[in-house]
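Trainee: Have a look at this one.
Residue numbers (the working numbering): 81 to 538.
Structure below.
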């Protein structure tokens, strides 16, 4: 584990340190920052916007001690890791629900379609003109320009924003009505994803995945945009009552910000939160979409973080023993043929070097290579700092082998990584050649062991 996403509530617990366990965790995080990357997103700042006191600035400064300037940012359709200080971004960030006067001349076709459909659905919804099958039957609006004037659009958007962001009751009423009308029977238990197909037997007549696509289409949005698909999925879990936020009053603002936390955390090794709604929905969606991100409560994370600190101190010999133990046990998950190679996926029971957790055997004639790697999903994020941490971790773990592999050199290796020409690290032993590498055009960091025999390298 390297990349860690704590939600805002966890930062508050650590900041206050009202309990001994939080104080101890804070001290461990700050003293082991060189071995991990803690990240934040605009969702943290949206949470802080709700605090009308000056304390939010003290919390922000504390958060910065932990996250430094590691900001996850959505740039178009791509997630980037930027170097931005939280306070600088906070001062420029617009509040959720704030509606400015719309300049029609600046709208692109997609924005015109989105507004046209939103207004049409709003008017038909409050006038009772939407039948139960509208997701499948309604033809979305496609127009070159809005059919209503700027003042009317702005007034509707302000009305909706006021209801959803400023008042306590409207969103809960909308959600309760949607569940009663479209999904009167199904709720999710134990993070099981069989609800996806079960929804076909409700008045929706669509699977959950198809409901996401249909909802985006009805809004004039794209279903090949990862962010929009995920945010829609998170909202639908709540609005259809599949995994409802608890409480007498539920604000849409909270659900929206939590969906951002869940999405950005999916690019990290783990999400840490004590928010039951956030953790439950994240587990469900990570399972549904096949994401590797682990979800922990703070107590679970305390135990896991302690184990990771110990794990990071193991010798290279110990890690290699774990690799060869799993390799020898040989619990095969899948086998395939590719470009003349036989690729065998083998179940791993350890997190090798505190990082890699998948194992692949690549075999051709008399050559056998074991490849361990980190993520099974396709999340395209590999921070340069993460590469540095793993390089230094491996170099330290093999320091007794008198290897010539040196610690990470930022001046030389950062330009190589930027140009996708990074050379990695190589260790040569009597029984095996080992290499840490990154495939070109990929964010996949791998460690390969080319066996000279089945022995553990000395």
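For each residue, glycine too, the CB sits at the ideal point set by N, CA and C.
(1) Nearest to residue 112 by CA position, among 388, 242 and 354, is which residue?
(2) DSSP three-state call for residue 347: helix, strand or coil?
(3) Note down, in chain order, each residue of its chain lying with its Cβ closer than 6 Å to the Cβ of residue 215, except the 5 sequence neighbours on either side.
(4) When DSSP labels each residue in this structure, what does residue 414 get in the three-state scheme?
(5) Reducing DSSP to helix, strand and coil, say where residue 444 ends up.
(6) With residue 433 as the anchor, note down where its beta strand (DSSP E) starts and where it stops.
(7) With DSSP run on the structure shown, which of helix, strand or coil describes residue 425?
(8) In this structure, how does DSSP classify residue 528 when only helix, strand and coil are distinguished?
(9) Can you find at least 3 beta carbon pairs, one from the segment 298-313 and one from the segment 236-247, that sit closer than 8 Å?
(10) Identify every residue that forms a DSSP beta bridge with residue 118.
(11) Rounded to the nearest angstrom, what separates residue 228 and residue 211 at their Cα positions?
(12) What is the DSSP secondary structure of residue 458, reduced to helix, strand or coil?
(13) For residue 263 and residue 322, which I take to be in contact (beta-carbon distance under 8 Å), what is that distance rounded to the nearest angstrom?
(14) Closest Cβ-Cβ distance between residue 408 and chain C: below 8 Å?
(15) Per DSSP, which residues does residue 159 bridge with? Please list them.
(16) Closest to residue 367 by C-alpha separation, out of 146, 492, 391 and 276, would be which residue?
(17) Locate the alpha helix (DSSP H) running through residue 309, then write down its first and last residues.
(18) Hey, could you find the ends of the beta strand (DSSP E) residue 391 is sitting in?
(19) So, using beta-carbon positions, are residue 37 and residue 278 closer together than 8 Å?
(20) Can you tell me where the alpha helix (DSSP H) with residue 290 in it begins and where it stops?
(21) For residue 337, count neighbouring Cβ atoms within 10 angstroms of its own Cβ and tell me buried if that reaches 16, exposed if not.
(22) When the Cα atoms are used, what is the spatial distance from residue 538 to residue 296?
(23) State the Cα-Cα distance for the pair residue 258 and residue 324, rounded to the nearest angstrom.
(24) Taking the C-alpha atoms as reference points, what is the distance between residue 385 and residue 427?
(25) Hey, out of 193, 373 and 316, whose CA is closest to residue 219's CA?
(26) Could you tell me the boundaries of the beta strand (DSSP E) in which residue 508 lies?
(27) Indicate the three-state DSSP secondary structure (helix, strand or coil) for residue 136 in the structure shown.
(28) At the level of alpha carbons, what is the spacing between residue 195 and residue 94?
(29) Starting from residue 200, trace the alpha helix (DSSP H) in both directions and tell me its first and last residue.
(30) Smallest Cα separation from residue 43: which of 430, 167 and 231?
(31) Could you tell me the alpha carbon to alpha carbon distance between residue 425 and residue 440, rounded to whole angstroms?
(32) Using CA coordinates, which residue listed in 417, 239, 394 and 419 is at the minimum distance from residue 473?
(33) Taking contact to mean 3 or more Cβ pairs, one atom from each stretch, closer than 8 Å, check whether the segment 200-210 and the segment 161-170 are in contact.
(34) Do the CB positions of residue 361 and residue 310 come within less than 8 Å of each other?
(35) Just to confirm, are residue 173 and residue 122 a CB contact at a threshold of 8 Å?
Mentor: Judging by the given coordinates:
(1) 388
(2) coil
(3) 294
(4) strand
(5) strand
(6) First-last for residue 433: undefined, no H or E at that position.
(7) strand
(8) strand
(9) no
(10) 84
(11) 24 Å
(12) coil
(13) 7 Å
(14) Protein chains in the displayed structure number just one, and chain C is not present.
(15) 154
(16) 276
(17) 306-319
(18) Unbroken run through residue 391 is the alpha helix (DSSP H), 378-391; no beta strand (DSSP E).
(19) What the structure shows of the chain is the stretch from 81 to 538, and residue 37 is not part of that stretch, so it cannot be assessed.
(20) 288-298
(21) buried
(22) Caution is warranted here: a pLDDT of 47 is assigned to residue 538, below 50, making its placement in the model unreliable, and no coordinate value can be reported.
(23) 12 Å
(24) 23 Å
(25) 193
(26) 505-508
(27) helix
(28) 42 Å
(29) 189-206
(30) With the chain covering 81 to 538 only, the question about residue 43 has no answer from this structure.
(31) 5 Å
(32) 394
(33) no
(34) no
(35) yes
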